[in-house]
Every structure is written in structure tokens, then in C-alpha cells.
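The structure appears below as C-alpha cells.
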Ligand code: AMP
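Numbering (my numbering), first residue to last: 449 to 848.
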């Protein structure tokens, strides 16, 4: 179906042992999965595979066991959640990833249509070093390989990269949906494209900003990172979070934007407080008059109007990072207003909206619009590296 990467419908799935690389690295508290979003997204691929009387053999990392067998990080604890989401019994296959005999036997004796979860791939140090010998032992357990773990695709690990070259390989349905959504966001987007970038610091998003200014028509910068840009333009930002040593970097990004014909949209007013806490007194200032003792903790109403205007002119919006310290009332107002506006334009059929990366998901959930964007990625690092324009090894390995 896709011109660039192989998809599930291009594999012979009849009566096969299908190694399905998933991201089962879900939050767990007291032995229970607390957010099953990533598991939910695997269900269509699992259903599709069992339809062909094939065995689904799930491979995933979980936490950071640092290459050692550590029961605390056993994937056995997510089996119940996978069974609940798929409505299908789920078996667990223990392995140390050195001696594969028991795993071979368990897979062999499982009936067609079984769903099995193999032990944490990171129990062996070769996983994170993309070790070919480990990948060969993984490959010995299956006939075909399907990768549905976009969120792990920025890492060249044995189960995401080396293994993909050893068996007939394709993207699963979740990976395919994610790649197609991202393609509509930045690959071949309907123009004009506006990117909205926020969050705490410029330092963690330099590559992302550098890439975006060459690709989009408008770049909205909000959140704490906007303060560094305001400082670089000569505005006082009081006691706000600000990386003053990155003023030159900010100026370089603004110059590159001018060269590329990308409009940079910075806040023009700000909600200022004198304490970094919820429900503390605030005042609204223009960015040319920020109080010396105050902290910018959100964008103001004129900025919101400016940004929603830019969104109205766009056909595509790509978003990463909140516009303010959204975890605390009332500094969520800017993020919520922008999120609701993007959701409404999307709902009205005027906008393709793609969002992702770390706090963005919780910010959109807080605004109550997580399901109203065209696509919201649950990937953190992989989404950011995609926004940075970097090739993702786990996706590259699936290319035709
Ligand atoms: P990031 O992980 O880089 O996307 O940053 C997200 C964090 O940035 C959130 O925890 C926000 O509270 C924080 N943040 C956003 N705007 C500000 C601001 N103006 N001052 C301090 N922190 C902020």
C-alpha cells in the first residue's frame, strides 16, 4: 500500500509464527497497567494476524533492566492487560535470550491463533547494542517480522533493527497509521503548515526548531522556551525560565527562518506570577514590560488571538509542547485555548492536526481534546526525532 515501507498486506501471514515488535513499555503501578493506550493500538494488528491462524509472538522492551535478567522488569506483568484489551488469552514465554530451547518448544506447542508474550528483550545486553547474534536467536523463533512499535523506532536495537533484516518484514497497522499521519503532517502536508512548539527549554529542541523553520510556513514558539527568544530580541524576561547562553542559537534560528520564508510567531503578552505554584496571584503584561521580579508562566490573550489567527490560515498543524506551565491553574489557559481551537478547526474539516511528544499528550488530555486531533502520537523520543527530520532506524529497516 505504501510507496516507501512494507505493510502487513504484503506479507504471507498464513499459518506463520509472527514476531510482532510491540511497545509494551506501559506505565505499571502495583502490578497493574495504569495506561493501556499503547496496548489498545496493537489490537488491530493482533486481530489481523490471528485471522490467518498464525501465532502472534510479542517482543518488547520494558523499563531499563540494563542487559540483565531482573524480575522487577518482567513482561509477565503486562500479560493480563494485553489479554483484556485483545479479548484473547495471552501466554507468557520466559527466556534469558541465550538458550532459546524452552522458548522454541513453548511456541511450537502453542495452537494456531495463540498470542504469546516473550520476556523483556532488554534482559540481554545485545538488545541495545543491536547485536546480530541476538537478532539471529530472535529470528529463530519466527517466520515473519512485523513492527508496530513506532515509539521505539528511533533506536537501532536488535529487536527493532537487526531482526528486521533477517526475516520478511513489514509495518503493523499501528505503525502504518502513525507513519501515514506523520507523512500528512510534515512529509507531504497540505500547505500552509504551522508548527506549534512549546515546553520548558530551547536546549532540548534546537534540532527540532532548526528543521522546522526550513519545512513550515509558520512556527509558533510558546512555553518557557519562548523566553529565550524574547531575551535574544532584547526584551527583559524578569525571573522567567530563560537559557540566556542560548541567545545566539535563538538568533541563528530566527535568521534561518527569515532565509526560509518561515514566519516566527512569538508571544506578545504574557501571564506573569511571582511564585512558581498554582493559584498564585498573576498579572498580564506586554512582553516589552515584564516585571523584573516576575515569571512568565503562560501566554496572554493577545498571543492566543495571534496564534489562533495563524491556525485559521493553515491547512496543517504539527504540535509539540505546552504553551505554559499547564500543570498548574491558571497557567493552563493558553495551552487549553490553542488546543481547543485546533480541535475545532479539525472537527470542521479545515485542518489536518498532528501532535505528539512527551507532555503534549497530557496537555491535550487535560484540554479534553486528545481524540479530536487528526492524529496524536503516543511516542515521545521517536516523535521528536521525526520532527527533527532524522531517519528512524526501525522505520528505515522496513523500507522497500
Ligand atoms: P517539555 O518537556 O520540554 O515539552 O516541557 C514541558 C514542561 O514545560 C511542562 O512541565 C511545563 O510546565 C513547562 N513549561 C511550559 N511553559 C513554561 C514556562 N513559561 N515556565 C516554566 N515552565 C514552563
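Cβ coordinates follow ideal geometry from the N, Cα and C atoms, glycine included.
Original post:
Any idea what DSSP makes of residue 465, helix, strand or coil?
Top reply: For the purposes of this step, residue 465 is taken as residue 17 along the chain shown, with counting starting at 1. Strand, per DSSP.
Subject >> residue 760 versus residue 508: straight-line alpha-carbon distance, rounded >> reply: As a working note, residue 760 is residue 312 in the chain shown. As a working note, residue 508 is residue 60 in the chain shown. Near 41 Å, if we compare the C-alpha coordinates of residue 508 and residue 760.
Original post:
Are there 16 or more other CB atoms within 10 angstroms of the CB of residue 581, so buried, or fewer, so exposed?
Top reply: As a working note, residue 581 is residue 133 in the chain shown. It is exposed - the Cβ of residue 581 has fewer than 16 other Cβ atoms within 10 Å.
**OP:** Taking 8 Å as the cut-off, decide whether the C-beta atoms of residue 412 and residue 627 are in contact.
**Re:** Since the first and last residues shown for the chain are 449 and 848, residue 412 lies out of range.
Original post:
Whose C-beta lies closer than 6 Å to the C-beta of residue 450 among residues of the same chain, with five residues either side of it excluded?
Top reply: Along the chain shown, read from residue 1 onward, the residue named residue 450 stands at position 2. Interpretation of residue 450 is limited by its pLDDT of 47, a score under 50 that renders its predicted location unreliable; the figure taken from the coordinates is listed afterwards. Here the set comprises nothing.
Subject >> Check: residue 472 C-beta below 7 Å from any heavy atom of ligand 1 >> reply: Here residue 472 refers to the residue found at position 24 when the chain shown is read from its first residue. Answer for residue 472: no, Cβ out of range of ligand 1.
Original post:
What are the boundary residues of the alpha helix (DSSP H) that residue 767 is part of?
Top reply: Within the chain shown, residue 767 is the residue found at index 319, counting from 1. From DSSP, residue 767 is part of no alpha helix (DSSP H) but of the beta strand (DSSP E) over 764-768.
**OP:** Could you have a look at residue 830 and say whether DSSP puts it in helix, strand or coil?
**Re:** As a first step, residue 830 must be located in the chain shown, where it is residue number 382. In this structure, residue 830 counts as helix in the three-state DSSP scheme.
Original post:
Going straight from the alpha carbon of residue 605 to that of residue 661, what length do you get?
Top reply: Here residue 605 refers to the residue found at position 157 when the chain shown is read from its first residue. Here residue 661 refers to the residue found at position 213 when the chain shown is read from its first residue. Computed Cα separation, rounded: 31 Å.
Original post:
What did DSSP end up calling residue 801 once you bin it into helix, strand or coil?
Top reply: Indexing the chain shown from 1 puts residue 801 at position 353. It is a strand residue.
Subject >> At least 3 beta-carbon pairs within less than 8 Å: the stretch 724-743 vs the stretch 771-786 >> reply: yes
Original post:
By how many angstroms is the C-alpha of residue 547 removed from the C-alpha of residue 541?
Top reply: Translated into the one-based positions of the chain shown, residue 541 becomes position 93. Translated into the one-based positions of the chain shown, residue 547 becomes position 99. Roughly 13 Å between the two C-alpha positions.
**OP:** State the Cα-Cα distance for the pair residue 787 and residue 690, rounded to the nearest angstrom.
**Re:** On the chain shown, residue 787 is found 339 positions in, with the first residue counted as 1. On the chain shown, residue 690 is found 242 positions in, with the first residue counted as 1. Roughly 24 Å between the two C-alpha positions.
Original post:
Is the beta carbon of residue 807 within less than 7 Å of some heavy atom of ligand 1?
Top reply: Numbered from 1 along the chain shown, position 359 holds the residue referred to as residue 807. Yes, the beta carbon of residue 807 sits closer than 7 Å to at least one heavy atom of ligand 1.
Original post:
Cβ of residue 769 versus every heavy atom of ligand 1: is any distance shorter than 7 Å?
Top reply: Walking along the chain shown from the start, residue 769 turns up at place 321. Result yes, Cβ under 7 Å from ligand 1.
Subject >> Own chain residues within Cβ distance below 6 Å of residue 570, not counting five before or after >> reply: Translated into positions along the chain shown, residue 570 becomes position 122. Within the same chain, residue 570 has close Cβ partners 509, 513.
Original post:
At a cut-off of 7 Å, is residue 753 close to ligand 1 when judged by its beta-carbon and the heavy atoms of the ligand?
Top reply: Translated into positions along the chain shown, residue 753 becomes position 305. Outside the cutoff, so no.
Original post:
When we look at the beta-carbon of residue 556 and count the other beta-carbons within 10 Å, is it buried (16 or more) or exposed?
Top reply: As a working note, residue 556 is residue 108 in the chain shown. Exposed, by the Cβ-count rule.
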